[in-house]
Amino acid sequence: MKIVILDGYTENPGDLSWSGFEALGEVTVYDRTEGSQILERIGTAEAVLTNKTPMTAETMAKCGNLRYIGVLATGYNVVDLEAAGRHGITVTNVPAYSTDSVAQHTMALILELCNHVGVHQESVRNGDWVRSRDFCYWKQPVIELAGKTLGIVGYGRIGERTKALAEAFGMKVLVTSGHLGPGVLPGGTARVVDLETLLCSSDFVSLHCPLTEKNRHMMNKDSFRKMKKSAYVINTSRGPLICEDDLKEAVLNGTIAGAAVDVAEEEPMRADSPLLDVEGILVTPHIAWASREARERLMKIAAENLKKYAAGIPVHVVSEIPRIH
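Numbering (our numbering), first residue to last: 339 to 663.
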């Protein structure tokens, strides 16, 4: 089987092995693929692996040998599933590989908002401690998490894991989710509430929901006005859940205390992004998912997906293959 990996660099910049795929056929790996290169690089391949490189209806129509698309991610909006179905192409994804990594990064962002480790490290490097007249000093107030309330918007695997980590710090937890009714979650004290109650009551609001047209810009000026002035918003999910212009305005005007985001409305982030120059907004470059352990799981599951497909028992299928009558 001829296998082409279109954009392997973000999953494996060289610290991992592609051997799981190489055991299944002839593998060609490209770090990145531009739109104009897609057709030439796929060529006569039967299987294509992609993370962010789009697989459009036009591409599928011109790749006559293509029978399998493996998405190297959980989200699969880079693939036209309807077109895949028409062309009899199986599409798979990789679920649940980054749960611990994303939950850990969520807490890292919250801790940075509270402890300002980066600010104080930079201050020490600049000689402020050497020049200090006291044995200690702080550039910004330090906040304890114990007793604070974390509001989790979206309660899948990552939301659930984040809840457990927050509770380990002594935080109270509120949850809002379309598939949960109001009440206390089993086995704990976390409460399920509506979104407005969560926004009004939380010290930290953390987004863990998939992006849909319905919830695009769900965090906007109206949402921020409902939050405490001392509250923070955290986004390790999808950038367009937040209206970035409204977030900038809310932080600058003191409507909320600040924010920490690992995702942006446009990625890579634009040079004129409203989030780049705002003190009080922390930004990391979409790395929450990318611990070495998570990337190893991703590649292992993706290789197993391809192996199962080759054996005629595909798993983690997200496309619908039409029946042939």
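We put the beta carbon where it would ideally sit given N, CA and C, even for glycine.
Which residues mark the beginning and the end of the alpha helix (DSSP H) in which residue i is found?
i	result
K645	R630 to A648
L533	L533 to S539
G697	The requested residue 697 is not part of the displayed model; the chain covers only 339 to 663.
G497	R495 to A506
I376	I376 to I380
T397	A395 to K400
Determine whether the beta carbon atoms of residue i and residue j lie at a separation below 8 Å.
i	j	result
F542	L488	yes
T397	T371	no
A595	I619	no
W356	V342	no
F562	D584	yes
M565	L537	yes
T428	P612	no
A441	L503	yes
A626	T444	yes
G592	K567	yes
V621	V655	no
V367	M393	no
T430	N643	yes
K501	A528	yes
V457	K477	yes
K559	E587	yes
R630	N350	no
D369	G402	no
S540	A506	no
Can you check whether the C-beta of residue i is within less than 8 Å of a C-beta belonging to chain D?
i	result
L488	Annotation note: the requested chain D is absent from the structure, which comprises a single protein chain.
Go ahead and pull the three-state DSSP assignment for residue i.
i	result
A528	coil
R661	With a pLDDT of 48 at R661, under the threshold of 50, the modelled position of this residue cannot be trusted; read the value that follows with caution. Looking at R661 - three-state DSSP - the assignment turns out to be coil, as it is neither helix nor strand.
E482	coil
P652	coil
E364	strand
M509	coil
M557	strand
A385	strand
V416	coil
S357	helix
P351	coil
G489	strand
G423	helix
G465	coil
G521	strand
H458	helix
G346	coil
The beta strand (DSSP E) spanning residue i covers which residue range?
i	result
A598	G596 to V599
S544	F542 to L545
K340	K340 to I343
I448	Counting along the chain, I448 falls outside any beta strand (DSSP E), though it belongs to the alpha helix (DSSP H) covering T437 to N453.
T430	T428 to T430
G408	Y406 to V409
I580	Taken as a continuous stretch (DSSP letters only), I580 belongs to no beta strand (DSSP E), as it is neither H nor E.
Y475	Careful: Y475 lies outside any beta strand (DSSP E) and carries neither H nor E.
I625	Unbroken run through I625: none, as it is neither H nor E.
N573	Y570 to N573
So residue i and residue j are supposed to be a Cβ contact under 8 Å. How far apart are they, rounded?
i	j	result
K340	G358	About 16 Å separates the two Cβ atoms, so there is no contact after all.
V589	H624	20 Å between Cβ atoms; not a contact.
Below 7 Å, is the gap between the Cβ of residue i and the nearest heavy atom of the ligand MG?
i	result
R635	This structure simply doesn't include the ligand MG, nor any ligand for that matter.
*Between the stretch 412-424 and the stretch 473-493, do three or more beta carbon pairs fall short of 8 Å?*
Contact fails: fewer than three Cβ-Cβ distances are below 8 Å.
_If contact is defined by three or more beta carbon pairs under 8 Å, each pair taking one atom from either stretch, is the stretch 426-439 in contact with the stretch 493-505?_
Cβ pair count under 8 Å is three or more, so yes.
*Please determine if the stretch 451-460 and the stretch 499-514 are in contact, where contact requires at least 3 C-beta pairs separated by less than 8 Å.*
These segments do not touch.
*Count the CB pairs spanning the stretch 517-536 and the stretch 461-475 that are closer than 8 Å, and state whether there are at least three.*
No contact exists between the stretch 517-536 and the stretch 461-475.
_So, does the stretch 377-388 touch the stretch 400-418, judging by three or more C-beta pairs under 8 Å?_
Output reads yes: the stretch 400-418 touches the stretch 377-388.
*asked:* Taking 8 Å as the cut-off, does the stretch 537-554 touch the stretch 569-584 (at least 3 CB pairs, one atom from each stretch)?
replied: Verdict: yes, contact present.
*Are three or more beta carbon pairs between the stretch 624-640 and the stretch 345-356 nearer than 8 Å?*
Yes, the stretch 624-640 touches the stretch 345-356.
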